[in-house]
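Residue 0 is where the sequence shown starts when you use numbering that gives the first Met the number 0, and the numbers rise one by one after that. A virtual CB, placed ideally from N, CA and C, is assigned to each residue, including glycine. These figures come from a predicted structure and were not determined experimentally.
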Amino acid sequence: MSAEAADREAATSSRPCTPPQTCWFEFLLEESLLERHLRKPFPDPTPVQLIVQFLEQASKPSVNEQNQVQPPPDNKRNRILKLLALKVAAHLKWDLDILEKSLSVPVLNMLLNELLCISKVPPGTKHVDMDLATLPPTTAMAILLYNRWAIRTIVQSSFPVKQAKPGPPQLSVMNQMQQEKELTENILKVLKEQAADSILVLEAALKLNKDLYIHTIRTLDLLAMEPGMVNGEAESSTAGLKIKTEEMQCQIGSLSLHCTIDEKRLAGYCQACDVLVPSSDSTSQQLTPYSQVHICLRSGSYQEVIQIFIEDNLTFSLPVQFRQSVLRELFQKAQQGNEALDEICFKVCACNTVRDVLEGRTISVQFNQLFLRPNKEKIDFLLEVCSRSINVEKTSESLKGNMAAFLKNVCLGLEDLQYVFMISSHELFITLLKDEERKLLVDQMRKRSPRVNLCIKPVTSFYDIPASASVNIGQLEHQLILSVDPWRIRQILIELHGMTSERQFWTVSNKWEVPSVYSGVILGIKDNLTRDLVYILMAKGLHCSSVKDFSHAKQLFAACLELVTEFSPKLRQVMLNEMLLLDIHTHEAGTGQSGERPPSDLISRVRGYLEMRLPDIPLRQVIAEECVAFMLNWRENEYLTLQVPAFLLQSNPYVKLGQLLAATCKELPGPKESRRTAKDLWEVVVQICSVSSQHKRGNDGRVSLIKQRESTLGIMYRSELLSFVKKLWEPLVLTIILSLFVKLHNVREDIVNDITAEHISIWPSSIPNLQSVDFEAVAITVKELVRYTLSINPNNHSWLIIQADIYFATNQYSAALHYYLQAGAVCSDFFNKAVPPDVYTDQVIKRMIKCCSLLNCHTQVAILCQFLREIDYKTAFKSLQEQNSHDAMDSYYDYIWDVTILEYLTYLHHKRGETDKRQIAIKAIGQTELNASNPEEVLQLAAQRRKKKFLQAMAKLYF
Numbered sequence: 000m001s002a003e004a005a006d007r008e009a010a011t012s013s014r015p016c017t018p019p020q021t022c023w024f025e026f027l028l029e030e031s032l033l034e035r036h037l038r039k040p041f042p043d044p045t046p047v048q049l050i051v052q053f054l055e056q057a058s059k060p061s062v063n064e065q066n067q068v069q070p071p072p073d074n075k076r077n078r079i080l081k082l083l084a085l086k087v088a089a090h091l092k093w094d095l096d097i098l099e100k101s102l103s104v105p106v107l108n109m110l111l112n113e114l115l116c117i118s119k120v121p122p123g124t125k126h127v128d129m130d131l132a133t134l135p136p137t138t139a140m141a142i143l144l145y146n147r148w149a150i151r152t153i154v155q156s157s158f159p160v161k162q163a164k165p166g167p168p169q170l171s172v173m174n175q176m177q178q179e180k181e182l183t184e185n186i187l188k189v190l191k192e193q194a195a196d197s198i199l200v201l202e203a204a205l206k207l208n209k210d211l212y213i214h215t216i217r218t219l220d221l222l223a224m225e226p227g228m229v230n231g232e233a234e235s236s237t238a239g240l241k242i243k244t245e246e247m248q249c250q251i252g253s254l255s256l257h258c259t260i261d262e263k264r265l266a267g268y269c270q271a272c273d274v275l276v277p278s279s280d281s282t283s284q285q286l287t288p289y290s291q292v293h294i295c296l297r298s299g300s301y302q303e304v305i306q307i308f309i310e311d312n313l314t315f316s317l318p319v320q321f322r323q324s325v326l327r328e329l330f331q332k333a334q335q336g337n338e339a340l341d342e343i344c345f346k347v348c349a350c351n352t353v354r355d356v357l358e359g360r361t362i363s364v365q366f367n368q369l370f371l372r373p374n375k376e377k378i379d380f381l382l383e384v385c386s387r388s389i390n391v392e393k394t395s396e397s398l399k400g401n402m403a404a405f406l407k408n409v410c411l412g413l414e415d416l417q418y419v420f421m422i423s424s425h426e427l428f429i430t431l432l433k434d435e436e437r438k439l440l441v442d443q444m445r446k447r448s449p450r451v452n453l454c455i456k457p458v459t460s461f462y463d464i465p466a467s468a469s470v471n472i473g474q475l476e477h478q479l480i481l482s483v484d485p486w487r488i489r490q491i492l493i494e495l496h497g498m499t500s501e502r503q504f505w506t507v508s509n510k511w512e513v514p515s516v517y518s519g520v521i522l523g524i525k526d527n528l529t530r531d532l533v534y535i536l537m538a539k540g541l542h543c544s545s546v547k548d549f550s551h552a553k554q555l556f557a558a559c560l561e562l563v564t565e566f567s568p569k570l571r572q573v574m575l576n577e578m579l580l581l582d583i584h585t586h587e588a589g590t591g592q593s594g595e596r597p598p599s600d601l602i603s604r605v606r607g608y609l610e611m612r613l614p615d616i617p618l619r620q621v622i623a624e625e626c627v628a629f630m631l632n633w634r635e636n637e638y639l640t641l642q643v644p645a646f647l648l649q650s651n652p653y654v655k656l657g658q659l660l661a662a663t664c665k666e667l668p669g670p671k672e673s674r675r676t677a678k679d680l681w682e683v684v685v686q687i688c689s690v691s692s693q694h695k696r697g698n699d700g701r702v703s704l705i706k707q708r709e710s711t712l713g714i715m716y717r718s719e720l721l722s723f724v725k726k727l728w729e730p731l732v733l734t735i736i737l738s739l740f741v742k743l744h745n746v747r748e749d750i751v752n753d754i755t756a757e758h759i760s761i762w763p764s765s766i767p768n769l770q771s772v773d774f775e776a777v778a779i780t781v782k783e784l785v786r787y788t789l790s791i792n793p794n795n796h797s798w799l800i801i802q803a804d805i806y807f808a809t810n811q812y813s814a815a816l817h818y819y820l821q822a823g824a825v826c827s828d829f830f831n832k833a834v835p836p837d838v839y840t841d842q843v844i845k846r847m848i849k850c851c852s853l854l855n856c857h858t859q860v861a862i863l864c865q866f867l868r869e870i871d872y873k874t875a876f877k878s879l880q881e882q883n884s885h886d887a888m889d890s891y892y893d894y895i896w897d898v899t900i901l902e903y904l905t906y907l908h909h910k911r912g913e914t915d916k917r918q919i920a921i922k923a924i925g926q927t928e929l930n931a932s933n934p935e936e937v938l939q940l941a942a943q944r945r946k947k948k949f950l951q952a953m954a955k956l957y958f
């Protein structure tokens with residue numbers, strides 16, 4: 000290798016590069032490369048690019064020894080290139096929508112002429128003179144495809160085409176474009192001359208009553224074989240892609256696998272026709288907004304038009320141009336003397352203006368003209384439209400910003416402060432604009448004194464000197480409820496306490512809730528203002544945290560912490576605890592979801608909380624739950640098993656439970672004898688699920704046994720345990736808990752069908768006092784746990800198998816099959832790989848067999864019997880004898896790879912006189928890859944291919 004080449008190789012290998020584009024000639028060198036290339040998700044070159052390249056190379060003229068240009072030679076190379084182009088088109092299922100969009104008229108003309116040639120259409124023969132009914136199906140279909148394209152091309156050429164913007168003039172490019180244009184015009188001229196014949200051919204096709212076939216890659220390969228090697232399949236009347244008669248009649252020539260219909264365009268035509276000629280049954284159908292508007296306009300129901308427009312401001316389903324045309328129509332009617340429409344015009348214009356505002360367009364001139372003389376009714380209606388056109392809780396920040404700016408500009412354009420106050424005191428205005436923005440706006444309005452209308456006495460503004468103390472107190476309380484700004488809350492409370500000393504303002508809203516363990520300490524604060532402020536800051540912070548508004552919650556808690564630090568060490572520790580819980584939630588909702596470990600500082604604070612020994616500090620149990628769950632989720636097992644203080648295990652049941660879970664997870668790889676903690680965890684959970692019993696004498700004198708469902712025999716209630724588990728998301732911890740409850744469920748004496756789970760062998764196999772366990776509650780818990788774990792990870796095959804077993808045990812066989820199949824699909828790339836044997840064990844397969852049997856899908860039973868490690872011929876033969884099968888029966892024979900079962904099917908159908916089904920079985924058994932003399936790997940590959948196709952077919956049936 001030269002030095003230059005070595006440097007070039009080193010440079011290219013030092014940086015990532017995209018795979019090189021496959022060249023056209025490589026497909027000539029390797030026969031199987033084309034199909035592999037087309038199966039790629041994003042092949043480069045694309046299929047249509049390949050067609051152009053193949054046909055371009057095949058049509059290149061040659062030059063003889065005298066330097067004379069000769070037509071392209073008809074040699075093997077060019078024939079293969081044309082065949083490759085046809086195979087790519089077959090891969091696209093001859094979809095004219097795709098081909099016409101990407102190929103020029105000359106290229107597509109050449110492609111379809113090659114299709115006619117390979118389909119044995121005699122050259123020079125008029126298509127109209129050929130009887131389609133007597134032609135081979137692929138020949139007839141090729142003729143239909145060509146004539147369909149011809150008519151479509153003629154129609155398309157009649158439409159005006161927007162010319163591409165020319166670039167810098169290049170002589171070679173301009174010559175090439177001119178040649179292509181002339182060639183296109185010549186082709187169009189011929190097509191137009193033959194248009195009448197093409198129409199007759201297509202009309203004759205509509206009278207056909209048989210299915211046709213179009214060439215596929217397989218049939219094209221067979222046609223390309225050397226004479227004598229073709230086995231007759233290519234000439235068969237059923238070779239190729241089947242085109243049903245109905246599809247051909249519906250859309251001749253589009254010829255994708257199904258008819259391609261532009262539903263939106265068809266719906267548009269229907270709506271347009273319905274406007275001109277209303278259908279008789281339009282009242283019984285679901286009317287579109289278009290139809291509703293037109294019906295209302297015809298009947299004069301203008302108020303209904305306004306309601307439709309307001310609702311459309313949320314959905315954006317009606318085009319703006321259509322809404323403007325409705326307004327223009329109403330304006331024209333109003334100008335013709337219908338004064339009653341003046342109000343309607345304003346309301347429709349207001350609806351359209353709000354729509355424009357939401358979508359960021361400028362306000363129309365019509366709205367500004369109609370709003371020159373505002374009144375109370377117009378402002379009320381405008382505020383109603385604004386309120387109903389935006390969902391404040393769900394809409395984006397940009398839409399809220401647009402609406403806020405609009406309301407602000409409306410206020411700035413008003414001269415009457417009474418109208419300004421109507422808008423500025425409206426709930427939507429208060430919600431969308433921050434306190435500072437509202438205050439700044441009012442200040443701007445007050446400074447515009449020369450423009451104030453002196454004929455009307457202005458209403459007192461929120462920031463003006465109050466005319467009535469009671470009115471201003473109500474307004475301040477309203478602001479207090481809405482605000483989440485700690486500084487603003489403090490200012491409002493100072494103003495309120497300056498007006499009256501008799502009120503307890505922490506009671507203003509019944510939505511402000513503080514945990515009972517804290518409320519006694521807070522309400523014991525002697526200073527009224529401080530008490531109100533601490534209570535409201537904490538209540539608002541807890542609320543913000545519950546709705547995941549963590550940034551405001553942190554601001555409120557930080558302000559509260561700063562306040563209580565000055566006078567109460569007890570409340571200071573309370574706020575530190577709440578801020579720890581908030582930081583845990585913030586991490587879990589943010590970077591924690593992406594798997595990023597929490598900072599070491601947060602882990603240290605969690606440990607500090609668990610080890611805290613301050614007897615006078617009020618504690619919330621949920622914080623302890625969250626801290627233990629946090630340590631388990633982030634696999635801090637060393638701390639929970641070895642470093643946690645002993646006093647915590649005695650005083651905190653969640654720490655005890657967390658320690659047992661962590662220890663069990665650590666011991667899993669070890670031998671069964673060392674799993675002492677698994678037994679301890681088992682005993683703790685059994686106690687939690689046990690019930691206390693007491694005897695009670697009834698009115699008839701009999702003594703009955705009463706079970707207390709929520710007993711206190713364990714370290715916590717079952718409902719508390721379930722609530723704690725739903726704070727966990729670490730897969731191994733959830734698997735251990737689920738495994739324990741499944742084992743506990745299986746221990747009961749009346750269980751017929753066990754549920755399987757991972758690690759189930761680590762638990763004890765019996766319970767001394769079975770009567771004490773509430774197995775009904777255990778069954779409910781198992782179902783709730785599976786539902787929760789699958790919400791955490793719906794692709795965990797072990798959890799999916801448990802869900803399937805639950806449905807199987809409760810006789811819900813279709814649902815059980817759904818989850819058995821889903822478990823296999825998630826661990827095999829939707830069955831494109833083999834399902835691991837530890838997922839589809841013999842027990843799982845046998846349960847799938849039983850499900851199919853009880854659903855009367857007996858052919859599926861026979862096929863599944865092959866999946867067992869030892870094929871269950873007895874069950875397979877018995878199921879095939881059933882004649883009342885609810886599955887696809889003989890359509891499934893292609894999925895059978897066991898020759899013994901296929902031989903039995905052949906015998907069975909012969910015995911019953913079912914000739915057609917016998918032939919299908921014979922065809923299946925005659926496939927060369929099932930020959931018993933084949934190498935073992937060939938037989939295994941044949942079995943795996945059939946397993947894959949069968950399981951994918953089952954998934955489509957049960958998913």
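Please return the same chain residues whose Cβ sits closer than 7 angstroms to the Cβ of residue i, not counting the five positions on each side in sequence.
{"i": "R868", "result": "D841"}
{"i": "L929", "result": "W896, V898, A941"}
{"i": "T564", "result": "R571"}
{"i": "L901", "result": "I895, A920, A923, I924"}
{"i": "P70", "result": "P60"}
When burial is assigned at 16 or more other CB atoms within 10 Å of the CB, is residue i buried or exposed?
{"i": "R945", "result": "buried"}
{"i": "R360", "result": "exposed"}
{"i": "E624", "result": "buried"}
{"i": "L265", "result": "exposed"}
{"i": "H885", "result": "exposed"}
{"i": "K346", "result": "buried"}
{"i": "P830", "result": "Checking the sequence, you will find Phe at residue 830 rather than Pro. Buried, by the Cβ-count rule."}
{"i": "A339", "result": "exposed"}
{"i": "W967", "result": "Because residue 967 is not part of the residues shown, which for the chain are 0 to 958, the question remains open."}
{"i": "R596", "result": "exposed"}
{"i": "C410", "result": "buried"}
Determine which residues share a DSSP beta bridge with residue i and list them.
{"i": "I242", "result": "L211"}
{"i": "V772", "result": "S689"}
{"i": "Q69", "result": "S61"}
Can residue i and residue j be called in contact, C-beta distance under 7 angstroms?
{"i": "I198", "j": "G239", "result": "no"}
{"i": "L439", "j": "A403", "result": "no"}
{"i": "D531", "j": "L492", "result": "yes"}
What does a CB cutoff of less than 6 angstroms around residue i pick up in its chain, not counting 5 residues either side in sequence?
{"i": "L49", "result": "V87"}
{"i": "I389", "result": "M402"}
{"i": "S482", "result": "I488"}
{"i": "L182", "result": "P105"}
Below 8 angstroms CB to CB, which residues in the same chain sit around residue i once its five sequence neighbours on both sides are set aside?
{"i": "L721", "result": "T780, E783, L784"}
{"i": "L219", "result": "L82, L85, K86, A89, I117"}
Just checking my contact of residue i with residue j at CB under 8 angstroms: how many whole Å lie between their CB atoms?
{"i": "M953", "j": "L820", "result": "6 angstroms"}
{"i": "C850", "j": "F807", "result": "7 angstroms"}
{"i": "H857", "j": "S878", "result": "4 angstroms"}
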